[in-house]
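Let me begin by presenting the structure, written as structure tokens, before commenting on it.
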């Protein structure tokens, strides 16, 4: 992600508490944590979760806090305890494995807890707030669906 893309994405972040604004914020945080950079020489995208995971303990604590923010946003949407527990389990597993030197760093490339949590939130929003569905970055009205 180059500077122009970052500035454009930051300017578009919504501040509201409505479901569409929350969806955009969660998608932006997931992109930052899981696919913000391309590994040189490959097409593999990584994010802050993998990069900060290289810093022993502190990096994992920081990314766990950022993942917990996604769960907090989901709780504010009114998601069920079951969904929140699944999301918490994803972050807890990612954090626990991250504490293991080298193994945790390798797992960060494969197990993307924030992407899994985004998928849970999107499914819930599509069911309970279908007006927030996104197609190519644009909110789709119910009539268009």
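Residue numbers (our numbering): 1 to 145.
Built from N, CA and C at the ideal position, the CB exists for glycine as well.
Assuming residue i and residue j are in contact, meaning their beta carbons sit under 8 Å apart, how far apart are those beta carbons, in whole angstroms?
| i | j | result |
| --- | --- | --- |
| residue 68 | residue 103 | At roughly 22 Å, the Cβ-Cβ gap does not stay under 8 Å, so residue 68 and residue 103 are not in contact. |
| residue 54 | residue 94 | Contact flag wrong, Cβ pair sits at about 14 Å. |
| residue 150 | residue 117 | Given a span of 1 to 145 for the chain in the structure shown, any question on residue 150 remains unanswerable. |
| residue 98 | residue 126 | Not really, about 30 Å apart at Cβ, beyond 8 Å. |
Let me know the secondary structure DSSP gives residue i once reduced to three states.
| i | result |
| --- | --- |
| residue 42 | coil |
| residue 37 | strand |
| residue 145 | Its pLDDT being 47, under 50, residue 145 is placed unreliably in this model, and the coordinates cannot settle the point. |
| residue 81 | helix |
| residue 129 | coil |
Would you list the residues sitting across from residue i in a DSSP beta bridge?
| i | result |
| --- | --- |
| residue 93 | Residue 93 is not bridged to any residue. |
Exercise for the section: Take every Cβ of the segment 71-88, pair it with every Cβ of the segment 39-47, and state whether three or more of those distances are shorter than 8 Å. Expected result: no
Exercise for the section: For the segment 48-79, list the alpha helix (DSSP H) runs that are entirely contained and at least 4 residues long, ordered along the chain. Expected result: Listed in chain order, the complete alpha helix (DSSP H) runs (minimum 4 residues) inside the segment 48-79 are 48-52, 58-77.
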